[in-house]
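Let me begin by presenting the structure, written as structure tokens, before commenting on it.
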Amino acid sequence: MSAFENRVSFVTGAGSGIGEAMALKLAGEGSTVVCSDINEQGAQATAARVEELGAKAVVSALDTANEEAVKEALTKTTRDLGRLDVLMNNAGVGGKNWETTTAINLDGVYYGLIHACPIMAGQGGGAIVNTASVAGLGALMRPFEYHDDPVTIEAASAYVASKHGVVGLTKQFAVAFGKVGVRVNAICPGYIKTPILAPMLEREGHEDFLKELHPMGRLGQPEEIAEVAAFLASDAASFVTGVAMPVDGGYAAR
Ligand SMILES: NC(=O)c1ccc[n+]([C@@H]2O[C@H](COP(=O)([O-])OP(=O)(O)OC[C@H]3O[C@@H](n4cnc5c(N)ncnc54)[C@H](O)[C@@H]3O)[C@@H](O)[C@H]2O)c1
3 MSAFENRVSF
13 VTGAGSGIGE
23 AMALKLAGEG
33 STVVCSDINE
43 QGAQATAARV
53 EELGAKAVVS
63 ALDTANEEAV
73 KEALTKTTRD
83 LGRLDVLMNN
93 AGVGGKNWET
103 TTAINLDGVY
113 YGLIHACPIM
123 AGQGGGAIVN
133 TASVAGLGAL
143 MRPFEYHDDP
153 VTIEAASAYV
163 ASKHGVVGLT
173 KQFAVAFGKV
183 GVRVNAICPG
193 YIKTPILAPM
203 LEREGHEDFL
213 KELHPMGRLG
223 QPEEIAEVAA
233 FLASDAASFV
243 TGVAMPVDGG
253 YAAR
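If you read the sequence shown in my numbering, its first letter stands for residue 3, the second for the next number, and so on.
Shown next, in the form of structure tokens:
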């Protein structure tokens with residue numbers, strides 16, 4: 003039997019990159035997948051690929067920075083599909099100002115946790131994987147000095163603060179819901195080839211700089227993150243909760 007057979011998974015940011023890879027990985031392991039994204043077209047495209055794998059897909063157009071919408075989407079999923087086994091709390095942005103970054107990357111993750119955990123506890127358990135970052139474990143490195151560049155320092159500090167916050171939320175919810183069967187973990191990707199990186203990779207010499215931040219000497223692929231996230235959400239990780247796991251080609255080991 004596949005790892006996620008008869009399970010219902012909800013993936014935010016499923017319309018692109020890491021979230022898309024997560025949706026496909028879970029579908030390949032037998033899960034019904036709610037493909038959720040603020041970009042409905044992206045969510046629909048991923049849902050179509052989920053169905054090509056023979057799994058059931060549901061599309062959910064959702065802005066994770068809207069608490070009522072998050073609550074309603076998770077409640078509707080549980081009502082319509084009977085359960086909520088996995089939440090990939092993954093939607094996020096980079097390169098944005100303080101308000102936008104923290105509203106999506108931090109508040110949005112909190113809304114997923116605060117509304118999914120009681121549903122999962124009520125049905126006897128579940129697993130949540132928050133997408134943090136190596137920026138949740140330390141500062142971001144840049145190939146240029148940017149202390150006098152207000153746009154870059156705002157975006158970088160908002161990203162780092164929000165992802166450190168995600169690591170903190172992961173620990174707090176793991177502790178709070180440990181006894182009722184809800185496991186909460188985070189993954190901390192290094193730099194992964196997805197559309198979020200496009201503006202950085204366009205800069206001369208930036209790709210080589212980013213590759214060299216990883217002792218393995220390359221960027222990661224979204225499927226390499228989805229594999230580890232699926233492991234953390236599966237019964238194979240039944241005694242793992244509250245961890246922030248780097249998936250980063252050695253970035254955090256330096
Ligand atoms: N790519 C990397 O190098 C990298 C590294 C570390 C962490 N991450 C994190 O991984 C997660 C996924 O990023 P990605 O690399 O796949 O980027 P991506 O841009 O390919 O995908 C992000 C998805 O999130 C969606 N999204 C944005 N705001 C949203 C909102 N308010 N509500 C719902 N959906 C929203 C976008 O429409 C998009 O489909 C993010 O949390 C990001 O911070 C990425």
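For every residue, glycine included, the Cβ atom is placed at its ideal position computed from N, Cα and C.
These numbers were taken from a predicted model, which means no experiment stands behind them.
Quiz item: Ordered along the chain, which non-local residues of its own chain (more than five positions away) have a Cβ less than 7 Å from that of Pro145?
Solution: Gly207, His208 and Phe211
Quiz item: Cβ of Leu76 within 7 Å of any heavy atom in ligand 1?
Solution: no
Self-check item: Val242 vs Asn187 beta-carbon contact at 8 Å
Solution: Yes, they are a contact pair.
Quiz item: Whose C-beta lies closer than 7 Å to the C-beta of Lys165 among residues of the same chain, with five residues either side of it excluded?
Solution: The answer, listed in chain order, is Asn107, Ala134, Ser135, Ala137 and Gly138.
Quiz item: Do you know how far the Cα of Ala238 is from the Cα of Ala228?
Solution: Here the alpha carbon of Ala228 sits roughly 15 Å from the alpha carbon of Ala238.
Practice problem: Pick helix, strand or coil for Ala246, following the three-state DSSP scheme. | Solution: Note: Ala246 maps to strand in three-state DSSP.
Quiz item: Name the DSSP beta bridge partners of Asn91, please?
Solution: Asn91 pairs with Asn132.
Practice problem: Please check the pair Thr154 and Tyr161, which I expect to be a contact at CB under 8 Å, by giving their CB distance rounded to whole angstroms. | Solution: Between Thr154 and Tyr161, the beta carbon gap of about 11 Å keeps them out of contact (Cβ cut-off 8 Å).
Self-check item: Range covered by the beta strand (DSSP E) that runs through Asp39
Solution: Taken as a continuous stretch (DSSP letters only), the beta strand (DSSP E) holding Asp39 covers Thr34 to Asp39.
Quiz item: When burial is assigned at 16 or more other CB atoms within 10 Å of the CB, is Pro248 buried or exposed?
Solution: buried
Self-check item: Cβ shell of Val169 (< 6 Å), same chain only, five flanking positions each side left out
Solution: Ala134, Gly138, Ala188 and Ala246
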